[in-house]
Each structure stands twice: as C-alpha cells, then as structure tokens.
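Asks: The structure under discussion is supplied below as structure tokens; questions concerning it will follow.
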Amino acid sequence: MLKRKQNLLLVFLTMWCIALPAQETTKQQHTFSFHTGYGNMLKGTAGLTNSSKSYERSLSEGVSWDAQYYYRPADIVGIGFLYSGFSSQGSHEEGSDHLYTHYFAPQAGIYCLRTKCFFIRLDAGIGILSYRNYSKVFDKSRRVTATSFATNAGLNATLKITRQWNIEADIQYVASNIHKIYPRYHNETTTVKFRNDPLSVSRLNLSAGVSFNF
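See below:
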C-alpha cells in the first residue's frame with residue numbers, strides 16, 4: 001500500500017510539473033553545476049576495522065560533493081550526467097578507516113515552478129558506484145574495494161543571479177547495496193560475500209553550490 005501511494009505521488013508531481021506554465025522560454029540549453037555539503041549513510045556502514053555501532057555511525061557522516069551537466073532540449077525536460085562523491089574518516093586504538101564512494105550516472109530531470117529567476121527540478125538516474133576504504137590495522141595498510149549498481153533521486157532549487165550564473169540548493173539520495181567486497185591485507189586480496197545482509201552504502205546528501213548556463 002505504501003509503495004502504491006509513493007508511485008501515485010510521483011505520478012502526481014510529474015503531471016503537476018508538466019502542467020505548470022513556463023514564464024520564460026529556455027534559450028541557454030546547457031548547464032554545469034558543482035555542489036558541496038553534508039552526506040549521511042542513513043543505514044550506517046560496515047566492513048570497517050572496528051565493528052562497534054558508535055564507530056560505524058561516526059563513519060556514516062562526512063563530506064559530499066557532486067558535479068552535474070544538463071542539456072535542456074525543452075522547457076520542462078533535461079538530460080545529463082551526474083558525478084557524486086563522499087568521504088569520511090575515523091580512527092581508534094587499533095587502526096583507522098578512510099571511506100570514499102564515487103557514483104557516476106546518466107540522469108534525467110523535470111523542471112517545475114519555472115519562473116524568470118527561479119525553478120525546481122526533480123532528478124532521477126541509474127549508474128555505477130565505486131566503494132573504497134583505505135584503512136590501517138596495527139599500522140599495517142589494508143584496502144577494501146567494491147563496485148555496485150546504484151540509483152539516485154533528487155530535488156534541486158535554482159535561483160538566477162545573472163544571465164549565466166546561478167546559486168543552487170540540492171537534496172540527493174543515492175541508493176546502493178554491495179554484495180561482495182575485496183579486502184587487500186598483507187599483500188593478499190580476498191573476497192568477502194554478503195549473501196543475506198548486503199553492505200549498505202546508500203546516502204543522503206544536503207548541499208549547495210553554483211551553476212553556469214550557456
């Protein structure tokens with residue numbers, strides 16, 4: 001029932017965006033943007049050098065950043081590409097961890113509340129996520145790598161400040177589960193599989209930045 005309501009809400013928002021009249025025809029069809037801010041792996045993260053819940057929770061929060069490109073062939077629709085990154089780090093008596101995730105995806109957007117100086121865009125895409133953990137255990141280097149399919153959904157608010165420059169606020173959710181990781185320790189690489197309980201690297205990003213139209 002909940003999933004049905006979510007689907008109905010998405011359909012309603014899409015139809016609402018399409019129905020809204022544009023007050024200015026888009027002339028500049030290309031946009032580059034960059035954002036930075038706060039990232040949070042809401043379900044926590046595992047695969048660290050310390051399995052305590054408090055340590056896992058602290059490594060779930062970090063810095064996020066992204067770069068986006070959009071081509072806007074029509075007032076209400078855009079297609080483009082997203083790169084989204086995340087980093088967090090921590091240490092304890094026996095070692096340390098430095099997490100990175102890198103997400104690459106084509107995406108599409110629907111432009112809502114379009115006025116001369118402001119618009120809201122709904123984003124969605126599917127791509128590949130790369131996971132890296134550069135850690136140490138008793139001063140010995142340990143590296144964990146993995147890749148997985150992922151999806152993203154987001155909400156972007158853009159305010160024009162000049163003809164070509166804008167300021168933006170961006171909310172983005174990247175969803176991904178990893179079923180297999182490759183730890184490398186003492187110059188030996190092994191494979192660890194998560195059959196029934198995959199490693200969640202899904203995260204919520206809250207960020208702000210600038211964009212350039214041309």
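Numbering (the UniProt record's numbering), first residue to last: 1 to 214.
Heads up, the beta-carbon is just placed ideally off N, CA and C, and yes, glycines get one too.
1. Comparing alpha-carbon positions, which option in 131, 137, 167, 162 lies nearest residue 150?
2. To the nearest angstrom, report how far apart residue 200 and residue 64 are at their CA atoms.
3. What are the boundary residues of the alpha helix (DSSP H) that residue 113 is part of?
4. So the candidates are 181, 210, 195; which of them puts its Cα closest to the Cα of residue 161?
5. Does the beta-carbon distance from residue 173 to residue 152 come in below 8 Å?
6. With a threshold of 16 other CB atoms inside 10 Å of the CB of residue 119, please say whether the residue is buried or exposed.
7. Can you tell me the Cα-Cα spacing of residue 233 and residue 97, whole angstroms?
8. Applying the criterion that 16 or more other CB atoms from any shown protein chain within 10 Å of the CB defines a buried residue, is residue 205 buried or exposed?
9. Apart from the five residues on each side of it in sequence, which residues of its chain come closer than 7 Å, Cβ to Cβ, to residue 40?
10. Quick one: what's got a C-beta closer than 7 Å to residue 214's C-beta in the same chain, skipping five residues either side?
11. Evaluate residue 123 with the Cβ neighbour count: other Cβ atoms within 10 Å of its Cβ, from every protein chain shown; 16 or more gives buried, anything less gives exposed.
12. Would you grab the beta carbon distance between residue 216 and residue 86 for me? Rounded to a whole angstrom, and I think it's under 8 Å.
Replies: If we stick to the structure as given:
1. Nearest option by C-alpha distance: 131.
2. Each residue's Cα considered, the two are about 17 Å apart.
3. DSSP places residue 113 outside any alpha helix (DSSP H), giving it a letter other than H or E.
4. Ranking the options by Cα distance to residue 161, first place goes to 210.
5. The answer is yes: Cβ separation under 8 Å.
6. Classification for residue 119: buried.
7. Past the boundaries of the shown model lies residue 233; the chain is included only from 1 to 214, so the question cannot be answered.
8. Note on residue 205: 16 or more other CB atoms within 10 angstroms of its CB, so buried under the neighbour-count rule.
9. Correct list, in chain order: 60, 61, 203, 204.
10. Closer than 7 Å at the Cβ level, and outside the excluded window around residue 214, lie 28, 30, 164.
11. Its Cβ being crowded by 16 or more others within 10 Å, residue 123 is buried.
12. The question about residue 216 has no answer here: the residues shown for the chain are numbered 1 through 214.
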